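What follows is the structure, encoded as structure tokens:
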């Protein structure tokens, strides 16, 4: 019997005796939808909706916190941008250090990255809030600077790792082409490699901004003037207010989402587009 | 005559017309335990077009990359335009400004437009003004038939167009020597012709060229000299008619048989 005949014979007997893989997958999907529907119905029927509404969406609490939110959101954004600027600048220096031919630079950069990735960001914020001013007798006149340095130092460690990966992802041929044109190693790095590395790491870098934006909540640990309050601090204060409660936290959470969801969407879009253009 | 502007001492010297543009002597190159080049001696005269042929892994590309020091030779000397590139005291970046290189994978700068690809090194290395660099770039883009694509990005071009931009990019530095590392091997067959035409024009204009290639018809028509390499040594060299038309060595004959008639490789391969 030839291979063709043997295969045909096997298929003829296997036939339709059992449920086919495609049918089984279809049934499985139906069961999952059914289970989800049951859960939704049970929750809807048993929950005390009046009480849920009062806790999560108390009109008095919304009225109390709403006027504070724009200023707080603005502060959150300012802290994020300032910290990211510090983190990006320092992160690029660290990334170039980890790729340096000079061993000392590599060791120092690696130590920095390991240190700041290994400790809670809150500790760094506390250091800048209390320990450093006391130890060195400096006073930070600007809260923005204080926060930018504290969170920037931490995010620089993560950004450095991201940028290093991006730089290493630029094809070697790009370096060879630049060097073969007589460009120096420095010019090659700054004019050819880094610009393309940034394009590759744009999605993870945007993600870093989202993380940083949420980390600005850590500044509650500093003594802030009212005008310096960011979103979490405002929510925290409102929590202990007679008119506040759970609704204040919900309101603040929604403002965070208004800020972060567009960034996350941007990240996903960048992941789709740079996939094509990043590789030449 | 060379067209150098900044000028190495050799390019300016009156003897430039007789001194070899490339002089390779006793060249060895190892990658760890792999001994890729096993003693190469080769000279390329001004205006000469040398095609290097041979099987994959024979060391052709490595040899070419040793000329502009993209690979560091393990042993031996390489002189380019009179400068000993193997001497650590020689400014390799300066030598490279006079040596254009075209790669198999084009290696165009993906974040820059076609025009910017051709002006970047002119501006950063030769310190030309934007206006001058763009004028030179446009002249060379016209030379390769892509004057109208100056504003495109590399990703918008076909492989053949990208490779012609790569040639224009190298020419924009006014090189005295052009190195081609299998410039058509990554191209779809129908795009090979345009690139070879540009290279033929360049050769006819008097450019000194070293071309690593599998295009036997091109080598036969354009080369002044064909060098056959196998297992890290030059097996034989001579005019195209000698090396391709009437090869003296069995290794050359069996290589040519396989290249010129790929379907007949089974008997040769055993």
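Protein chains in written order, with my numbering: chain A, 2 to 281; chain B, 17 to 286.
We treat Cβ as the ideally placed atom computed from N, Cα and C, and that holds for glycine.
Computed from a predicted model, the values in this text were never measured in an experiment.
Cβ neighbours of residue i in the same chain (closer than 6 Å, five flanking residues each side left out)
| i | result |
| --- | --- |
| residue 1 of chain A | This structure does not reach residue 1 of chain A, given that chain A is present from 2 up to 281, and the question cannot be answered. |
| residue 154 of chain B | none |
| residue 271 of chain A | 203, 204 |
Endpoints, the beta strand (DSSP E) within which residue i is located
| i | result |
| --- | --- |
| residue 224 of chain B | 224 to 228 |
| residue 116 of chain B | 115 to 118 |
| residue 41 of chain B | 38 to 47 |
| residue 148 of chain B | Looking at the DSSP string, residue 148 of chain B is not in any beta strand (DSSP E); the run it does join, the alpha helix (DSSP H), is 146 to 159. |
| residue 93 of chain B | 91 to 96 |
| residue 69 of chain B | 65 to 69 |
| residue 252 of chain B | 249 to 254 |
| residue 246 of chain B | 241 to 246 |
Cutoff 8 Å; reference residue i; Cβ partners in own chain excluding five residues on either side
| i | result |
| --- | --- |
| residue 118 of chain B | 179, 182, 183, 186, 194, 195, 196, 197, 199 |
| residue 157 of chain B | 130, 131, 134, 163, 165, 166, 181, 184 |
| residue 231 of chain B | 200, 208, 212 |
| residue 230 of chain A | 69, 72, 73, 76, 238 |
| residue 219 of chain B | 65, 225, 238 |
Inter-residue spacing [alpha-carbon to alpha-carbon] between residue i and residue j
| i | j | result |
| --- | --- | --- |
| residue 170 of chain B | residue 129 of chain B | 7 Å |
| residue 138 of chain B | residue 188 of chain B | 7 Å |
| residue 269 of chain B | residue 240 of chain B | 20 Å |
| residue 164 of chain A | residue 234 of chain B | 44 Å |
| residue 67 of chain B | residue 87 of chain B | 20 Å |
| residue 190 of chain B | residue 142 of chain B | 10 Å |
| residue 198 of chain A | residue 166 of chain A | 8 Å |
| residue 238 of chain B | residue 148 of chain B | 32 Å |
| residue 79 of chain A | residue 213 of chain A | 11 Å |
| residue 242 of chain A | residue 248 of chain A | 11 Å |
| residue 90 of chain A | residue 145 of chain A | 17 Å |
| residue 135 of chain A | residue 97 of chain A | 33 Å |
| residue 229 of chain B | residue 29 of chain A | 57 Å |
| residue 201 of chain A | residue 171 of chain A | 8 Å |
| residue 273 of chain A | residue 160 of chain A | 21 Å |
| residue 225 of chain B | residue 102 of chain A | 34 Å |
| residue 26 of chain B | residue 97 of chain B | Low local confidence applies: a pLDDT of 43 at residue 26 of chain B is under 50, so the model's placement there is unreliable, with the coordinate-based value given in what follows. Going from the Cα of residue 26 of chain B to the Cα of residue 97 of chain B covers about 6 Å. |
| residue 215 of chain B | residue 80 of chain B | 17 Å |
| residue 104 of chain B | residue 58 of chain B | 21 Å |
| residue 116 of chain B | residue 123 of chain B | 13 Å |
| residue 52 of chain A | residue 83 of chain A | 41 Å |
| residue 280 of chain A | residue 151 of chain B | With a pLDDT of 41 at residue 280 of chain A, under the threshold of 50, the modelled position of that residue is not reliable, and the figure given next carries that caveat. The straight-line gap from Cα to Cα measures roughly 29 Å. |
| residue 107 of chain A | residue 190 of chain A | 17 Å |
7 Å CB neighbourhood of residue i in its chain, flanking five on each side removed
| i | result |
| --- | --- |
| residue 265 of chain A | 211 |
| residue 106 of chain B | 99, 100 |
| residue 259 of chain B | 242, 244, 252, 253, 268 |
| residue 250 of chain A | 236, 240 |
Beta carbon of residue i nearer than 8 Å to that of residue j
| i | j | result |
| --- | --- | --- |
| residue 126 of chain A | residue 222 of chain A | yes |
| residue 192 of chain B | residue 37 of chain B | yes |
| residue 175 of chain A | residue 155 of chain A | no |
| residue 245 of chain A | residue 65 of chain A | yes |
| residue 261 of chain A | residue 207 of chain A | no |
| residue 117 of chain A | residue 151 of chain A | no |
| residue 287 of chain B | residue 204 of chain B | With chain B represented from 17 up to 286, any question about residue 287 of chain B goes unanswered, as that position is not in the structure. |
| residue 110 of chain A | residue 95 of chain A | yes |
| residue 42 of chain B | residue 75 of chain B | no |
| residue 52 of chain B | residue 78 of chain B | yes |
| residue 110 of chain B | residue 125 of chain B | no |
| residue 219 of chain A | residue 257 of chain A | no |
| residue 87 of chain A | residue 153 of chain A | yes |
| residue 217 of chain A | residue 81 of chain A | yes |
| residue 112 of chain B | residue 182 of chain A | yes |
| residue 69 of chain B | residue 56 of chain B | no |
| residue 54 of chain B | residue 176 of chain B | no |
| residue 102 of chain B | residue 45 of chain B | no |
| residue 202 of chain B | residue 121 of chain B | yes |
| residue 278 of chain B | residue 272 of chain B | no |
| residue 177 of chain A | residue 114 of chain A | no |
For residue i, the first and last residue of its enclosing alpha helix (DSSP H)
| i | result |
| --- | --- |
| residue 12 of chain A | 4 to 15 |
| residue 44 of chain A | 22 to 47 |
| residue 119 of chain A | 104 to 119 |
| residue 215 of chain B | 205 to 220 |
| residue 59 of chain B | Run containing residue 59 of chain B: none in the alpha helix (DSSP H); it sits in the beta strand (DSSP E), 50 to 60. |
| residue 83 of chain B | 76 to 83 |
beta-carbon residue i near the ligand COA non-hydrogen atom, thresh 7 Å
| i | result |
| --- | --- |
| residue 122 of chain B | The ligand content of the structure shown is nil, which means the ligand COA is not present either. |
> Using a beta-carbon distance cut-off of less than 8 Å, what residues from the region 124 to 139 of chain B approach chain A?
Replying inline: When CB distances to chain A are screened at a threshold of 8 Å, the residues of the region 124 to 139 of chain B falling below it are 124, 125, 126, 127, 136, 137, in chain order.
> Any residues in the region 190 to 222 of chain A with a beta carbon nearer than 8 Å to a beta carbon of chain B? Which ones, in chain order?
Replying inline: 192, 193, 196, 197, 200
> What residues in the region 166 to 187 of chain A have a beta carbon less than 8 Å from any beta carbon of chain B?
Replying inline: 172, 174, 175, 177, 178, 179, 180, 181, 182, 183, 184, 185
>> Along the region 68 to 101 of chain B, where does the CB come closer than 8 Å to a CB of chain A? Name the residues.
In response: Legend: CB atoms of the region 68 to 101 of chain B lying less than 8 Å from CB atoms of chain A belong to residues 84, 86.
> Which of the residues in the region 105 to 116 of chain B, read from start to end, lie with their CB under 9 Å from any CB of chain A?
Replying inline: 108, 109, 110, 111, 112, 113, 114, 115, 116
>> Counting only Cβ-Cβ distances shorter than 8 Å, please list the residues of the region 38 to 69 of chain B near chain A, keeping chain order.
In response: Residues: none.
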